[in-house]
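To convert, note that position 81 of the sequence shown is 119 in the working numbering; the numbers rise steadily by one, no gaps.
C-beta atoms are modelled at their ideal positions from N, C-alpha and C, and glycine is treated no differently.
First up is the structure itself, then whatever we jot down about it.
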Amino acid sequence: MQKETNYTFDNVRVVMVNTTEPGNIGAAARAMKNMNLSKLYLVNPKTHPSAVATARASGADDILSRAIVCDTLEQALAGTQLVIGASARQRNVKWR
Numbered sequence: 039m040q041k042e043t044n045y046t047f048d049n050v051r052v053v054m055v056n057t058t059e060p061g062n063i064g065a066a067a068r069a070m071k072n073m074n075l076s077k078l079y080l081v082n083p084k085t086h087p088s089a090v091a092t093a094r095a096s097g098a099d100d101i102l103s104r105a106i107v108c109d110t111l112e113q114a115l116a117g118t119q120l121v122i123g124a125s126a127r128q129r130n131v132k133w134r
């Protein structure tokens with residue numbers, strides 16, 4: 039007997055914090071679209087909206103246009119029940 043499941047991604051948020059490269063926001067939006075995710079939260083992005091992000095989104099403009107910009111991580115996580123995080127490694131590259 040197969041168990042019936044009704045998984046949904048409606049409650050999944052992708053939260054990006056202090057993004058410095060707008061292209062990364064667009065690439066994330068494109069990846070989200072491919073995985074049927076739609077809720078993008080941006081905490082204190084350096085640049086948003088951005089033509090670079092839109093170009094990298096490549097068909098995920100709807101996700102970019104609905105992105106919620108927050109001042110703090112606490113605001114972006116308000117109301118969540120489970121948080122799973124990842125972080126970029128330390129870099130020696132000087133950004134603009």
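Take residue i and list the residues in its own chain whose beta-carbon comes closer than 6 angstroms to its own, dropping the five residues that flank it on each side.
i, result
"Ser-88", "Pro-60"
"Arg-94", "Gly-61, Gly-64 and Ala-65"
Taking a contact to mean a Cβ-Cβ separation below 8 angstroms, would you say residue i touches residue j in this structure?
i, j, result
"Thr-110", "Val-90", "no"
"Arg-51", "Thr-118", "yes"
"Ile-63", "Met-54", "yes"
"Ala-105", "Leu-75", "no"
"Gly-124", "Ile-101", "The amino acid at residue 124 is misidentified as Gly; the sequence shows Ala. No. Outside cutoff."
"Val-121", "Leu-115", "yes"
Skipping 5 residues on each side, what residues in its chain have a beta carbon closer than 8 angstroms to that of residue i?
i, result
"Met-73", "Phe-47"
May I ask which residues mark the beginning and end of the alpha helix (DSSP H) holding residue i?
i, result
"Leu-36", "There is no way to answer for residue 36, as the model of the chain reaches only from 39 to 134."
"Leu-78", "Not the alpha helix (DSSP H): Leu-78 falls in the beta strand (DSSP E), residues 77 to 81."
"Met-70", "60 to 72"
"Arg-94", "89 to 95"
"Leu-120", "It is not in any alpha helix (DSSP H) - Leu-120 carries neither H nor E in the DSSP assignment."
"Ser-103", "99 to 103"
Tell me the residue span of the beta strand (DSSP E) that contains residue i.
i, result
"Ile-167", "Shown here, the chain extends from 39 to 134; a query on residue 167 therefore has no answer."
"Val-55", "51 to 55"
Suppose the cutoff is 7 angstroms on Cβ atoms and the five residues either side in sequence are ignored; what does the same chain contact list for residue i look like?
i, result
"Asp-99", "Thr-92"
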